[in-house]
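Enquirer: Protein chains in written order, with this note's numbering: chain F, 872 to 1080; chain D, 17 to 997.
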């Protein structure tokens, strides 16, 4: 299985519903992995592929909402809740906690398809973002401490002269460092470096002058 | 003679030479003439004369004809002529000699041949064997003289085939022709027999034997003999005839005959024997004929036969032989051995004669004799026969046993055994009977072997022959001692009874069978104040009111023979009427005819008085009992009704008279009869008082509930005499109870429905789940089908899943329906309580999820089955679970946990605990009270009904505080005995 094939994860304790939904998703062309309980799901190794999680609200022992809580801390796949008799409080809680859709059984085919496609798209996007970030992080890690020190100034758009004076070094040194940073971060322009820094969460230095 | 012949021969030589000399002078051919002379001499004179003529010829020729003539010496030229003559002469002599010799030999052989032919002919004539030769191709036939003679032809006749056929017996002619024709074609040897019929009609049996061989031309030629075998054939024929006659004789012999070889094997058997045994001669030969003999006789027969075969002595014995139908019959078998001096026994001839009928007759005679003897000896009497002169002849064994003597002693001294008192009389009667030939019929005493005299009765009957003379008399003596004694005793008894009758303090009288007064005892005479003779009929002494009743009863008894019983008032001697009870019994003789009536009249005046008082008191009691507003009854000890009071009778719609025929069981409701019967049975068995509720049919057919109470009534000794009881109509009460029960049931139903209402959301969820699956699978199926290309196998799988989903939905509905089943009766069956709990939890799952309740279970999988009503138990479990869930509604500081546990309580019951972590209850017992509720919309009936259900199941339901928080509800149920989960 290619790591890029999207996978739909399905958790429902009712065997018939599980099989039926799984079958429906299969017929839509999705790769489906289904689980009978929250515990089973948690025991399953995480997939690298774009994933969407369909979660039954009423699960034995660990309920769907509880499972959602647990997943918040991790890089969670987009969650679609399904329920046989959804009540307003539950759905509010679920949506608040980041669920992308709240569907009631019996599932409307179109809604389900849209939701899952939406979820997978989100997941794919999230994964892509995460992948980019990790590249940036690797590049960032190549920077020396001095360069780390300088980067915020660069992305803040401060002149080398200002930076040099703030850091107490020469303007030439800053220029050299700036060049190294650009090279190490593989940034073709300052604007790109700025975007990278944003993604890395580098706090831009403020003009203290 | 011989000498003369020799001389003649030599003379011939000389003459011939002389003649030759003379001829030579005339003919002038001396050599030829001398040669001729030599030839003649040799030819007719033989060798000697031949040589002589040669010599003479040589001499004469030399002397007379050769020059110098008349000189013996010859010129050399003529010498050659001489020698030539001599040589030719010698040659002629030799030739002729040789010829002569051959001739002599031929003559000799011919003579010998002649001789041998005459021998042959003689031999043929003597042996009646002729010979013949036949060449079929040329039809040339040669017959010897004997052959011709046999054929009845003259010796001179030249035989031809026509002559042969002429002689052949007309019946054999075709056969002979055929044989000759066929044989001659292939050259087969001949060997056959036929008959000649001569002209005088004589038949000759001819045996022809011939061998065929080929002659020099390659033609078949038969050389053979013809043998006249008539004597042999005639002998054979006569022998056969005699044998046939003999066999016919043996076979038609009316008895079984067979012969045995010395080795005891069956050789010949006649037809009779074969018919009897149903076997063939071959079968009989193959096995020992003794197997036909009855097994009991077999050894005997075999031994007898063996002895005869060894010694040659005849035997004669009887044995049984098996007939073809398996029946054994008696036979007399006689065996005679045929033997010669040298080789011993050659054969054993056996003749069997059927003596079965005779044997059987003998046996039956013997059996009859035995039977007769046995009869005589087993007659329970003493039997004797006597000669016409009065001598004892034969007595039977019992008589000898009785007297203990022998026949001889009895013959001489039987009168000595008579009782001295009877002796003279008996002897006199005996003498008279012998004289007159009359029947003797006497009773007398005879001394028994043990020295006791016993009374005997003898009856002697003479037996006459055809001429009216007494041949013998037969006597039968019977022991009548017992009868005698009985007679004596009877006489004594009668005297005693009369005495008794007169001394009895009761009024006794007898009447004849027709009812006439016969005897009246002393007491009765005194009572009536009359003499015996004056009392002829009863009626004058009877109270006028009783006369007709009394006479009716009396007439009835006299007519039917039924015992007589009457109560009547009779006037005493002092003129006062007193109550008497008269009872009469008939005396019957051996033929059941009434001889006499014995009657006893007793004074019952006092009893009558008491009876009257009693009757009055009883009437009072009756009134009381009948006035009691309940059913009063009594039964006999066997349980059959004796008395029912009027209320009871009215209820049943019968009268008191019908009571004895009443079968109380018919009115009891069929459903109650077994219970009532059992209770009644146990009461009677234990003898203790008791009660039972039952439905009893009223006269109008309506069944009403009655409470029966029974109490035994005992005599002083504690024996139950009868049962007294009452029955109370409790029908109205029962109906009220039923109404109450129905109300309760309806109430229970209402709570059940309320419970279900509370669970509606849960139920909806349960149904929704499989339906959701149906919808999803439906979509999926359509998608699989509309894919390009359509995925048929997936669509097929999906359709299968659809079917399963539908079934699941149907099962949910099925489960739900069981909750709505309307039952009022408890239907007990084996229930797995774990099942009930699981099902309830499943139906309530969304309820627990909604209320955030965690359900934990600990169900013992090895739990025994409980006995109960599934729906009702479900109701209880639902109620308790729902109570638990609701009790935790206000809990927020700790997990909402519902814990269900099932386990074995003790050996006979199981325990279910349902614990919540709710707020708990203050007084655990109070919750079971009706209309107690903590819920805003509760009826307060749930737990009350739960408890009533569990108690109806013989279980227990209680509540107790939980371990940490909340409440634990427990209930027990008895397990189904005889089966475990």
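Even glycine gets a Cβ: it sits at the ideal position worked out from N, Cα and C. Nothing here was measured: the structure is a model prediction, and the numbers come from that model.
Around the Cβ of residue 697 of chain D, are there at least 16 other Cβ atoms within 10 angstroms (buried) or fewer (exposed)?
Expert: Exposed.
Enquirer: Sort D:149, D:252, D:216, D:289 by Cα distance to residue 224 of chain D and report the nearest one.
Expert: D:149
Enquirer: Return the residues of the region 977 to 995 of chain F that lie within a Cβ-Cβ distance of less than 7 Å from chain D, sorted by chain order.
Expert: 977, 978, 980
Enquirer: Give a yes or no on whether 8 Å exceeds the smallest Cβ distance from residue 892 of chain F to chain D.
Expert: yes
Enquirer: Here's the rule: buried if 16 or more other CB atoms are within 10 angstroms of the residue's CB, otherwise exposed. What is residue 536 of chain D?
Expert: Its Cβ being crowded by 16 or more others within 10 Å, residue 536 of chain D is buried.
Enquirer: Beta carbons nearer than 9 Å to chain D: which residues of the region 896 to 913 of chain F have them?
Expert: Listed by position along the chain: 896, 897, 898, 899, 900.
Enquirer: Would a C-beta distance cut-off of 8 Å place residue 593 of chain D and residue 599 of chain D closer than the cut-off?
Expert: no
Enquirer: Once you ignore the five residues that flank residue 852 of chain D on each side, which residues in its own chain have a CB closer than 8 Å to its CB?
Expert: The residues are 886, 889, 890, 893.
Enquirer: Shortest alpha-carbon distance to residue 333 of chain D belongs to which of D:349, D:55, D:933?
Expert: D:349
Enquirer: With DSSP run on the structure shown, which of helix, strand or coil describes residue 481 of chain D?
Expert: coil
Enquirer: Quick one, which of D:221, D:268, D:364 has its alpha-carbon nearest residue 275 of chain D's?
Expert: D:364
Enquirer: Using 8 Å for Cβ pairs, my map puts residue 902 of chain F next to residue 882 of chain F. What's the rounded Cβ distance?
Expert: Actually they do not touch by this definition, with Cβ atoms about 16 Å apart.
Enquirer: Any C-beta of chain F sitting closer than 8 Å to the C-beta of residue 792 of chain D?
Expert: yes
Enquirer: When burial is assigned at 16 or more other CB atoms within 10 Å of the CB, is residue 366 of chain D buried or exposed?
Expert: buried
Enquirer: Please list the terminal residues of the continuous alpha helix (DSSP H) segment that includes residue 84 of chain D.
Expert: Premise fails: residue 84 of chain D is in no alpha helix (DSSP H) and is neither H nor E.
Enquirer: Could you check whether residue 173 of chain D and residue 210 of chain D sit closer than 8 Å to each other, using their CB atoms as the reference points?
Expert: no
Enquirer: Contact between the region 1038 to 1058 of chain F and the region 1019 to 1029 of chain F is defined here as three or more beta-carbon pairs at a separation below 8 Å; is this criterion met?
Expert: yes
Enquirer: Got a sec: is the Cβ-Cβ distance from residue 841 of chain F to anything in chain D below 8 Å?
Expert: There is simply no residue 841 of chain F to check, as chain F begins at 872 and stops at 1080 in what is shown.
Enquirer: What are the start and end residues of each continuous beta strand (DSSP E) run of 3 or more residues lying completely inside the region 676 to 721 of chain D, in chain order?
Expert: The region 676 to 721 of chain D is shown to contain whole beta strand (DSSP E) runs of 3 or more residues at 706 to 713, in chain order.
Enquirer: So, is residue 913 of chain D buried or exposed, given that buried needs 16 or more other C-beta atoms within 10 angstroms?
Expert: buried
Enquirer: Under a CB-based cut-off of 8 Å, is residue 781 of chain D close to chain F?
Expert: yes
Enquirer: Applying the criterion that 16 or more other CB atoms from any shown protein chain within 10 Å of the CB defines a buried residue, is residue 544 of chain D buried or exposed?
Expert: buried
Enquirer: Shorter than 8 Å from the beta carbon of residue 873 of chain D to some beta carbon of chain F?
Expert: Cβ-Cβ to chain F under 8 Å: no for residue 873 of chain D.
Enquirer: Could you give the C-beta distance for residue 653 of chain D and residue 756 of chain D, rounded to a whole number, given that I count them as a contact under 8 Å?
Expert: No, residue 653 of chain D and residue 756 of chain D are not in contact; Cβ-Cβ is about 40 Å, not under 8 Å.
Enquirer: Would a check of beta-carbon distances place residue 910 of chain D closer than 8 Å to chain F?
Expert: no
Enquirer: Verify the CB distance criterion: does residue 809 of chain D have a CB-CB separation below 8 Å to chain F?
Expert: no
Enquirer: State the CB to CB distance for the pair residue 871 of chain D and residue 859 of chain D, rounded to an integer number of angstroms; the pair is presumed to be in contact (CB under 8 Å).
Expert: At roughly 12 Å, the Cβ-Cβ gap does not stay under 8 Å, so residue 871 of chain D and residue 859 of chain D are not in contact.
Enquirer: Ignore the nearest five residues each way along the sequence and tell me which others in residue 542 of chain D's own chain have a CB closer than 8 Å to its CB.
Expert: 589
Enquirer: Check residue 283 of chain D in the structure and name its three-state DSSP category.
Expert: The answer is strand: DSSP assigns residue 283 of chain D an E or B state.
Enquirer: Can you name, in chain order, every residue of its own chain whose Cβ lies under 7 Å from the Cβ of residue 993 of chain D, other than the five neighbours on each side?
Expert: none
Enquirer: Between residue 793 of chain D and residue 891 of chain F, is the Cβ-Cβ spacing less than 8 Å?
Expert: yes
Enquirer: Assuming the contact rule is C-beta atoms closer than 8 Å, residue 45 of chain D and residue 97 of chain D should be a hit. Round their C-beta distance to whole Å, please.
Expert: Residue 45 of chain D to residue 97 of chain D, Cβ: 12 Å. No contact.
Enquirer: Below 6 Å CB to CB, which residues in the same chain sit around residue 996 of chain D once its five sequence neighbours on both sides are set aside?
Expert: With a pLDDT of 39 at residue 996 of chain D, under the threshold of 50, the predicted position of this residue should be treated as unreliable, and no value is reported.
Enquirer: With distance defined between alpha-carbon atoms, name the residue in D:239, D:245, D:118, D:527 nearest to residue 551 of chain D.
Expert: Residue 551 of chain D has its Cα closest to that of D:527, out of D:239, D:245, D:118, D:527.
Enquirer: Mind checking which residues open and close the beta strand (DSSP E) that includes residue 539 of chain D?
Expert: First-last for residue 539 of chain D: 538 to 544, but that is the alpha helix (DSSP H), not the beta strand (DSSP E).
Enquirer: Report the neighbours of residue 800 of chain D on chain F: residues whose CB is nearer than 9 Å to its CB, in chain order.
Expert: Contact of residue 800 of chain D with chain F by beta-carbon distance below 9 Å involves 894, 897, 898.
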